[in-house]
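Trainee: Before I ask anything, let me first share the structure, which is written out below as structure tokens.
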Amino acid sequence: MIRFENVTKRYRGTTRPALSGVDFEVQRGEFVFLVGASGSGKSSCLRLILREDVPTSGRVAVLGRDLRSLANRKVPYFRRHIGSVFQDFRLLPSKTVFQNVAFTLQVTGSSRGFIQQAVPEALALVGLDGKQKRMPHELSGGEQQRVAIARALVNRPQVLLADEPTGNLDPATSVDIMQLLARINAGGTTVLMATHEAAFVDAMQRRVIELRDGEMVRDEVHGGYGDTSNIPRLVPEEVRGAAAAAALTAVQEVQRQTADLSVVRAALAEELSAQRKAEASTPDAVPAASEIPEAQAAPIEPQQAPQEEKPAEAPAAVGPRTHPIVLPQVDVAELGVADRLGLSDDGDDEVGPTS
Ligand code: ADP
Ligand code: MG
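Per my numbering, the very first residue in the sequence shown carries number -14; after that it's consecutive.
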């Protein structure tokens, strides 16, 4: 399902590789902890699996696909089979819980009927039914992470990647999130989780892959965390006043998922501008223009919209969007809508059978 073959990743301008000769394979349905000190290469591994980055040498194959040969334009479709959650939740702060979970479905052209069914199902799965209309700031950190997990699962991905998903949560809430991830895994979803939470790793006795300075030093079927001496102490992150940063990462997250659709840029520009307006009333939270680096103008470099595609027209910037965005000149079948609705009869040849 996920295979690393002698993977080395060297970032430009660095002397030491972030990953060096990493080799492992994750089977369908496994729960795998990725552990190691800060800087050992965990996030780099997850980025390679999401095809946010490519290895300097070696091969990464995910869901039967060699990611080297995956065309840029196919990357967003590939990513719909992979849910991801992060330490900082990455929710859109000016959208409700429902809208956050529905947003990528809308911009990628899912039908209204599908959204009305799939979003409440995903929210129920994470224990958030009844909170659909809340705004992110009206939720606890644990609830915000549940929204992010619901968003990651709404497309029913085969793989869930979690990069330190409990890193910003208190211990009791972290336990809840761990139990949720274990339950999701028990439902058949493959879970790969990078973490520093030694106690959870020890308690769960699942497979553990340990990285040290980019090298894989352990791959244990039922492992514990191991040496805890280099675990950083928990330092709470500054959250208040960081709404602009949160909006930006949320926008980037949606861009990541939908990178080839030019219309998304307009929707995201609208979101960011609404966010800016909202923050303009709180002077100390207003970000300098330079702190929002071209989020609207240059979404994601490799997956440019095709030349012949009509430039997206900026949607009217008033009121919340209540209808799915209509995508100009986009082949609906290619968006996977039929597949997600169970109407597709030709299987999924975008992403081949799991190896
Ligand atoms: P972890 O998630 O385990 O903390 P990372 O994968 O983030 O580790 O980082 C591994 C190494 O790669 C670190 O030395 C880090 O500084 C470096 N690194 C990560 N991303 C980049 C980047 N975009 N450019 C240069 N160096 C990077
Ligand atoms: Mg990391």
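Even glycine gets a Cβ: it sits at the ideal position worked out from N, Cα and C.
Note that the structure is a prediction, hence the values are computed from the model and not measured.
Skipping 5 residues on each side, what residues in its chain have a beta carbon closer than 6 Å to that of V47?
Mentor: Position 62 of the sequence shown, counted from the first residue, corresponds to residue 47. Closer than 6 Å at Cβ, skipping near neighbours: I(-13) and I34.
Trainee: Consult DSSP for L145 and reduce its assignment to one of helix, strand or coil.
Mentor: Along the sequence shown, read from residue 1 onward, the residue named residue 145 stands at position 160. Strand at L145.
Trainee: Does ligand 1 have even one heavy atom less than 7 Å from the beta-carbon of A387?
Mentor: Past the edges of the chain, shown from -14 to 340, lies residue 387, and the structure says nothing about it.
Trainee: Could you spell out the range, first to last residue, of the alpha helix (DSSP H) harbouring V82?
Mentor: Counting from one through the sequence shown, the residue named residue 82 turns up at place 97. Here the alpha helix (DSSP H) through V82 covers V82 to V92.
Trainee: Is E149 a contact residue of ligand 2, with contact defined as CB to any heavy atom under 7 Å?
Mentor: The count along the sequence shown starts at 1 and reaches residue 149 at position 164. Yes - ligand 2 has a heavy atom lying nearer than 7 Å to the Cβ of E149.
Trainee: Could you tell me the alpha carbon to alpha carbon distance between R136 and G199, rounded to whole angstroms?
Mentor: Position 151 of the sequence shown holds residue 136. Position 214 of the sequence shown holds residue 199. Taking the straight line joining both Cα atoms gives about 30 Å.
Trainee: At a cut-off of 7 Å, would you count S42 as near ligand 1, judging by its Cβ distance to the nearest heavy atom?
Mentor: The residue you call residue 42 lines up with position 57 of the sequence shown. Not so, every heavy atom of ligand 1 lies at least 7 Å from the Cβ.
Trainee: Taking 7 Å as the cut-off, is the C-beta of F27 nearer than that to any heavy atom in ligand 1?
Mentor: Locating residue 27 in the sequence shown gives position 42, counting from the first residue. The question names Phe, but residue 27 is Lys in the sequence shown. Checking the Cβ of K27 against ligand 1 gives yes.
Trainee: Less than 8 Å between the beta carbons of L177 and V144, yes or no?
Mentor: As a first step, residue 177 is located in the sequence shown; it is residue number 192 there, counting from the start. As a first step, residue 144 is located in the sequence shown; it is residue number 159 there, counting from the start. In this structure, V144 lies closer than 8 Å to L177 by Cβ.
Trainee: Can you give me the C-alpha to C-alpha distance between T41 and D204, rounded to a whole angstrom?
Mentor: Taking the sequence shown and counting its residues from 1, the one referred to as residue 41 is at position 56. Taking the sequence shown and counting its residues from 1, the one referred to as residue 204 is at position 219. Answer to the nearest angstrom: the Cα atoms are 23 Å apart.
Trainee: Can you tell me whether Y(-4) sits near ligand 1, meaning its C-beta is under 7 Å from at least one heavy atom of the ligand?
Mentor: By one-based count along the sequence shown, residue -4 stands at place 11. Yes, the Cβ of Y(-4) comes within 7 Å of a heavy atom of ligand 1.
Trainee: Alpha helix (DSSP H) containing E15: first to last residue?
Mentor: Walking along the sequence shown from the start, residue 15 turns up at place 30. Counting along the chain, E15 falls outside any alpha helix (DSSP H), and DSSP gives it neither H nor E.
Trainee: Could you tell me if the beta carbon of G180 falls within a distance shorter than 7 Å of some heavy atom in ligand 1?
Mentor: On the sequence shown, position 195 is the one that residue 180 refers to. Note on residue identity: the sequence assigns Thr, not Gly, to residue 180. T180: no, Cβ never under 7 Å from ligand 1.
Trainee: Sorry if obvious, but does the Cβ on G21 come closer than 7 Å to a heavy atom of ligand 1?
Mentor: Here residue 21 is taken as the residue at index 36 of the sequence shown, counted from 1. Indeed, a heavy atom of ligand 1 lies less than 7 Å from the Cβ.
Trainee: For L31, name the three-state secondary structure that DSSP assigns.
Mentor: The sequence position of residue 31 within the sequence shown is 46, counting from 1. Three-state DSSP puts L31 in a helix.
Trainee: According to DSSP, is A179 helix, strand or coil?
Mentor: Taking the first residue of the sequence shown as position 1, residue 179 is located at position 194. Here A179 sits in strand by DSSP.
Trainee: Let me check understanding here. Comparing Cα to Cα, which of L165, I169, R191 and R197 lies closest to R1?
Mentor: Locating residue 1 in the sequence shown gives position 16, counting from the first residue. Among L165, I169, R191 and R197, the Cα nearest to that of R1 belongs to R197.
Trainee: Pairs of beta-carbons, one from the segment 63 to 76 and one from the segment 99 to 107, closer than 8 Å: are there three or more?
Mentor: With a cut-off of 8 Å, the segment 99 to 107 and the segment 63 to 76 do not count as touching, because too few Cβ pairs lie within range.
Trainee: So which of C30, V139 and V11 has the shortest CA-CA distance to T89?
Mentor: Working through the sequence shown from its first residue, we reach residue 89 at position 104. Selected option, being the one with the closest Cα: V139.
Trainee: Return yes when the Cβ of V70 is within less than 8 Å of the Cβ of Q130, no when it is not.
Mentor: Here residue 130 refers to the residue found at position 145 of the sequence shown. Here residue 70 refers to the residue found at position 85 of the sequence shown. Taking 8 Å as the Cβ cut-off, Q130 and V70 qualify as a contacting pair.
Trainee: Count the other CB atoms, across all protein chains shown, that sit within 10 Å of the CB of N153; report buried if there are 16 or more and exposed otherwise.
Mentor: As a position in the sequence shown, residue 153 is number 168, starting the count at 1. Buried, because 16 or more other Cβ atoms sit within 10 Å of the Cβ of N153.
Trainee: Among P142, G172, L146 and I134, which residue has its Cα nearest to the Cα of D161?
Mentor: Indexing the sequence shown from 1 puts residue 161 at position 176. Ranking the options by Cα distance to D161, first place goes to I134.
Trainee: Taking Cβ to Cβ, would you say L31 is nearer than 8 Å to L165?
Mentor: Residue 31 sits at position 46 when you count from the first residue of the sequence shown. Residue 165 sits at position 180 when you count from the first residue of the sequence shown. Going by C-beta atoms, L31 is not nearer than 8 Å to L165.
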